[in-house]
Amino acid sequence: MKYEAVIGLEVHAQLLTDSKAFCSCTTRFGAEPNTNTCPICQGMPGVLPVLNRKALEFTVRMALACNCKINEFSRFARKNYYYPDLPKNYQISQYELPVAEHGWAEIDAGEGPRRIGITRIHMEEDAGKLIHDDKKPLSYVDLNRTGIPLIEIVSEPEIRTPEEASAYLRVLHSILVYLKICDGNMEEGSFRCDANVSIRHKGETRLGVKTELKNMNSFRNVQRGLHYEIERQTALLESGDRVLQETRLFDPSEGTTASMRSKEQAHDYRYFPDPDLLPLRVGPELVEKIRKELPELPMEKKERFIRDLGIPPYDAGVLTASRDMAEYFEKTVGLFQNPKSVSNWIMTELMRELKGDETGITNCPVSPHQLADLLKLVDNGTVSGKIAKTVFEQMYATGSNPIDIINEKGLLQVSDSEELAAIIGKVLDDNPGEVEKCLSGKTKLIGFFVGQVMKATRGKANPAVVNQILSDKLAKRSKM
Amino acid sequence: MEKPQNGLKDGHVSELYEMTATELAEILRTKKASSVQITESVLNRIDHVEGKVHAYVTLNPESALDMAREADRKIAAGDARPLTGIPIAVKDNMCVKGQRTTCGSKILANFLPPYDATVIRLLRDEGMVILGSANMDEFAMGSSTETSYWGPTHNPWNTDLIPGGSSGGSVAAVAAGEAIVALGSDTGGSIRLPACFCGVTGIKPTYGAVSRYGLVAYASSLDQIGPISRDVSDLALLLNLICGHDPSDSTSVPREYPDFTAFLTKPVGGMTLGLPKEFFSKLENPDVERVISEARKVFEGLEVKFVDLSLPHLDYGIAAYYIIAPCEASSNLARYDGVKYGHRAENFTGMIDMYCRTRAEGFGPEVKRRIMLGTYALSAGYYDAYYLKAAKIRTLITSDFKSAFEKCDAVFCPTAPSPAFKIGEKIDDPIQMYLTDVFTIPVNMAGLPGIAIPGGFSMGGLPIGLQLIAPHFEEARLVQLSAAFQKETDHHLKRPQL
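Going line by line, the protein sequences match chains A and B.
Just so we're aligned: the first sequence equals residues 1 to 480 in the numbering used here.
Just so we're aligned: the second sequence equals residues 1001 to 1498 in the numbering used here.
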């Protein structure tokens, strides 16, 4: 390939604080327009911001999880631009001195682990929402979202493919959710991403002209948008054209990007330190306190699953991709101490059902307790592994306990030797030709007899017991 | 009925409106008059002289009388506090819930705040009687109160003259008997300059001593609310009321404040006042020079020592101020866009046009000038040369004062280079207007407390003010020095004839 892409991502994550960043209004989603507002977030004359300390703590949590250096002193700055969803016509953000800098996140886009540098993590406030009247040339503004705390996580331009971009986003997403500081909902906009992308000849060290992509509201759309943009820029260069520095909007229905504003139309944000807020100090004591309270992060958890529980790396990755899934797995293992078996069940049966339902583990109708019970029933021979899969389907569909389903449907495994001996005797009697062939060396036919026994018991026969009796009986017949 | 110029000194029985808050508090305590009577006396005085002075933008006589009645109930119930029942004017940039607060601007001409500023809440809790909003330069940008959308305020000593600004309405109201005391705000001298021009006492407290919550911002890092009164005793009472930590203002400093009235009687012998040569080399007005040297003799009579010193970066004060203040203003005033409240242009085509027309119609020329200055100075490529450099000068001025205070207890200098000038004289010459604040601006730049007290009169009979500047949070020292001076002099007792 002649060209390579250079991608940098700016991720905005809404913090899960109870109140807004600089006033005490609630952050609850879905209220009537302009009800979660006060003079401060409405930008009334004379109001002043007071920082929500929880938002700062959440930011430091993320910064530590991303291996950042926490700046002992940081500053809020005003980003000045006019838009009706921004009541003060400036956004309180950070510029020269962010809360944290120089971090990294480890990703694996299928070519082994790689670190993506994180330039900075800073705090800012969200803007409101405009609602446009579809008939009249009128717009309405809803300030409920105004002032909700955000963190912006800026990556180094070290991402090379759309797949890496997606992997990086998934890592950040899962860390945020693990830390319980962001709900990660991309559709509602609590996790958003803008991408800066340029291309250059392989081996070139200078950066090409970049475009900024906006409006990619899912992992898949980030990948689609980047693919389109890389192809578009490549085509431009190959035809001897230039890439224009501009901001482009992704259109999810077409999978294309279109120019939104050029460099010349770009805002001059006239950043300067916000005189209403004092320099922010995050001392080493606070950093240590927050570091101690950090939960086990996805990467650490994955390594522990591989190392201590013997889970294969791929499975460990899937099980730790979300905090909820990992918790489900660990709860189940706590009740049934065979991690590999639990992992296999989750990776196959459970995931299949969830995928079919297009839902997540939090909505799973089978509790870890119920799954563990089922696995115990397999383990002690109450049901066969095969029957257990049917039982699981029933559990998922009805939410019932496994033992109730087994009893109700008569699925108890038949391990009784006399009962099985009678059935096996009948199967052998009914198939004299096959018995003869088997005895003369065609041992593959044992599988056929087992199949017949299973058919006769509707799958409930204990395979181990069947095998034992079957080989005993065949041995006897060969001596006759 | 006209009052003699020196009402208290010739056996004349003063009208209630002529008295100080300290005197009126005693009258209220001893039930010689009610708050309603005091308020009526002031409202009556307003009726008589407001036409000549124009101290107010909005008068609220009915709500004032309601507050006075409430104050009388408190007094009768024994719940009186030191300033309960005293009528006060507040500058038109402090939000009073439900009462028009315009900041002297067309753009907020009909703005009714949905909340009370912290200082307003403190006044209410004290049971003071809020008379109305006092006139000011538009968004506090000016030194003469001529830039108000509502027209200029006149100096009560000579109504052809400006009262100084930007708190000209608050100060003129106190000087003219249209309020007993007042609150103003001071960003570059806006309390001290008019206090000087109108012969009253005014203090800009340390930055962070008084909450700015609810003060419509001009330049956030410089703005500070302060009291205006006829003498320093009243000032001490008001400082007791308004100084204090406010969790709603992140720049408000959490600390304890002394009882300022305890410093009204403390001797000053042995204290040292510093004379910065950079200030005195600028004195060109013989009246100001005479008043300063007479005042020095008064202090020397009180065994106060004087020491010459230098504040080498003072000369850059005005230049740096006219970068920092407009930069902050350009951002602070961005919210007046016609979207949410205030003036909105009637005819426009599209959003950007609405912004442009609204702001073109709503702001006056001085406000536009400063928004443009600030927008330019903050622009990409200019930030380092202007804002950053100005911020450095600010640090240097602060450290100049710090070294000065190693040699003296307070800095002593004039408040203004000349007495009040004529209405219209400097309004078309911004640089000349800006130079009026040469002695007051450095105090804001360093965040220090500064007091202006009447020091004497020009040959033409116009008040001339002195300024004392103390280290951070040493307002008490300014009260102490000013009270000692006022005990020896009667300049503060003189009243204009209207």
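Note that the Cβ used here is the ideal one computed from N, Cα and C, for glycine as well.
The structure presented is a predicted model; accordingly, all values stated were derived computationally and were not measured.
Task: S478(A), DSSP secondary structure in three states - done: S478(A): helix per DSSP, three-state reduction.
Task: Nonlocal neighbours in the same chain, by C-beta distance under 6 Å from A13(A), ignoring five residues either side - done: Excluding the 5 residues flanking it on each side, A13(A) has same chain C-beta neighbours closer than 6 Å at I151, L176, C182 and F191, in chain order.
TODO: Determine the direct distance from the alpha carbon of S1105(B) to that of F1363(B), and round the result to whole angstroms.
DONE: A direct Cα-Cα distance of roughly 7 Å separates F1363(B) from S1105(B).
Open item on the list: If we define contact as Cβ-Cβ less than 8 Å, is L1498(B) a contact residue for chain A?
Closed with: No, because no Cβ of chain A sits closer than 8 Å to the Cβ of L1498(B).
Open item on the list: Measuring only the C-alpha atoms, how far is Y1056(B) from P33(A)?
Closed with: Between the C-alpha atoms of Y1056(B) and P33(A) there is a straight-line separation of about 38 Å.
TODO: Kindly list, in the order they appear in chain B, the residues whose Cβ is closer than 8 Å to that of N36(A).
DONE: Neighbours of N36(A) on chain B: none; closest Cβ ~15 Å, over 8 Å.
Task: Beta carbon proximity, L51(A) to chain B, threshold 8 Å - done: Chain B contact via Cβ: present.
Open item on the list: Does any residue of chain A have a CB that is nearer than 8 Å to the CB of Y1115(B)?
Closed with: Yes, Y1115(B) lies at the interface with chain A (some Cβ there is under 8 Å from its Cβ).
TODO: Could you tell me which residues DSSP pairs with W104(A) in its beta bridges?
DONE: According to DSSP, W104(A) bridges with G117(A).
Task: Selected residue, minimal CA-CA separation from P1227(B), among I1203(B), H1245(B) and S1220(B) - done: Comparing alpha-carbon positions, the option among I1203(B), H1245(B) and S1220(B) lying closest to P1227(B) turns out to be I1203(B).
Task: Candidates F448(A), R145(A), R232(A) and L207(A): closest to G433(A) by CA position - done: When each option's Cα is compared against that of G433(A), the closest is F448(A).
TODO: Using DSSP bridges, identify the partner residues of Y140(A).
DONE: According to DSSP, which records beta bridges pairwise, Y140(A) is partnered with I131(A).
Task: Residues within the region 1337–1349 of chain B neighbouring chain A, beta-carbon criterion of under 9 Å - done: For the region 1337–1349 of chain B, the beta-carbon criterion of a distance under 9 Å to any beta-carbon of chain A is satisfied by D1337, V1339, K1340, Y1341 and G1342.
Open item on the list: Closest to A1176(B) by C-alpha separation, out of I1120(B), E1015(B) and Y1382(B), would be which residue?
Closed with: Nearest C-alpha to A1176(B) among I1120(B), E1015(B) and Y1382(B): E1015(B).
Open item on the list: Quick check: what's the CA-CA separation for N36(A) versus P1114(B)?
Closed with: Distance between the alpha carbons of N36(A) and P1114(B): 15 Å.
- [ ] Give the straight-line distance between the Cα atoms of I159(A) and E1474(B), rounded to the nearest whole angstrom.
- [x] If you draw a straight line from the Cα of I159(A) to the Cα of E1474(B), it is about 57 Å long.
- [ ] Identify the contact partners of R1212(B) in chain A, using a Cβ-Cβ distance below 9 Å as the criterion.
- [x] By Cβ distance, chain A contributes G46, L48 and D276.
Open item on the list: Against chain A, which members of the region 1237–1259 of chain B pass a CB distance test of less than 7 Å?
Closed with: Answer in chain order: P1247, S1248, D1249, S1250 and T1251.
- [ ] Just the chain A side, please: which residues come within less than 7 Å of L1215(B) by C-beta, in chain order?
- [x] The answer, in chain order, is G46.
- [ ] Can you give me the Cβ contacts of V171(A) inside the same chain, cut-off strictly under 6 Å, excluding the 5 residues immediately before and after it?
- [x] Taken in chain order, the residues that qualify are A105 and I107.
Open item on the list: Per the DSSP calculation, A1182(B) is bridged to which residue(s)?
Closed with: A1182(B) is bridged to A1089(B) and I1228(B).
Open item on the list: Can you tell me whether D357(A) is helix, strand or coil according to DSSP?
Closed with: D357(A) falls in the helix class under three-state DSSP.
- [ ] Determine the contact status of A1416(B) and T1395(B), defining contact as a CB-CB distance below 8 Å.
- [x] Pairing A1416(B) with T1395(B) gives a Cβ-Cβ distance that is not under 8 Å.
Open item on the list: If you reduce the DSSP assignment to three classes, tell me which class H1054(B) lands in.
Closed with: Three-state result, H1054(B): coil.
TODO: Count the other C-beta atoms from every protein chain shown that fall within 10 angstroms of the C-beta of T398(A), then say buried if there are 16 or more, exposed otherwise.
DONE: Counting Cβ neighbours within 10 Å, T398(A) comes out exposed, since fewer than 16 surround it.
TODO: Determine which residues of the region 67–90 of chain A have a Cβ less than 7 Å from any Cβ of chain B, and write them out in chain order.
DONE: Cβ proximity to chain B below 7 Å picks out R78, N80, Y82, P84, P87, K88, N89 and Y90 from the region 67–90 of chain A.
- [ ] Could you tell me whether the Cβ atoms of Q452(A) and V414(A) are closer together than 8 Å?
- [x] Result no, Cβ atoms of Q452(A) and V414(A) do not sit closer than 8 Å.
Task: S478(A) classed as buried or exposed, judged by whether at least 16 other C-beta atoms fall within 10 angstroms - done: Exposed, since its Cβ has fewer than 16 Cβ neighbours within 10 Å.
- [ ] Could you tell me whether any Cβ in chain B is nearer than 8 Å to the Cβ of P279(A)?
- [x] Contact of P279(A) with chain B is not assigned, every C-beta pair being separated by 8 Å or more.
- [ ] Please name the residue in E1328(B), D1125(B), A1483(B) and A1089(B) whose C-alpha comes closest to that of F1299(B).
- [x] Checking every option, the nearest Cα to that of F1299(B) belongs to A1483(B).
TODO: Report, in whole angstroms, the separation of the C-beta atoms of S1041(B) and A1068(B), which I expect to be a contact under 8 Å.
DONE: The beta-carbon distance between S1041(B) and A1068(B), rounded to whole angstroms, is 11 Å. This is too long to meet the 8 Å contact definition.
Task: Proximity of P275(A) and R1335(B) at Cβ, strictly below 8 Å - done: For P275(A) and R1335(B), no; Cβs fall outside 8 Å.
TODO: Please classify F73(A): is it buried, with 16 or more other beta-carbons within 10 angstroms of its beta-carbon, or exposed?
DONE: By the neighbour-count rule (16 or more Cβ atoms within 10 Å), F73(A) is not buried but exposed.
Open item on the list: Quick check: what's the CA-CA separation for D1249(B) versus L48(A)?
Closed with: Taking the straight line from one Cα to the other gives about 6 Å.
Open item on the list: Can you tell me whether V435(A) is helix, strand or coil according to DSSP?
Closed with: Residue state, collapsed to three classes: helix.
TODO: Would you mind giving the Cβ-Cβ distance between R1124(B) and L1112(B), rounded to the nearest angstrom? I have them listed as a contact below 8 Å.
DONE: In this structure R1124(B) is not in contact with L1112(B), their Cβ atoms being roughly 17 Å apart against a cut-off of 8 Å.
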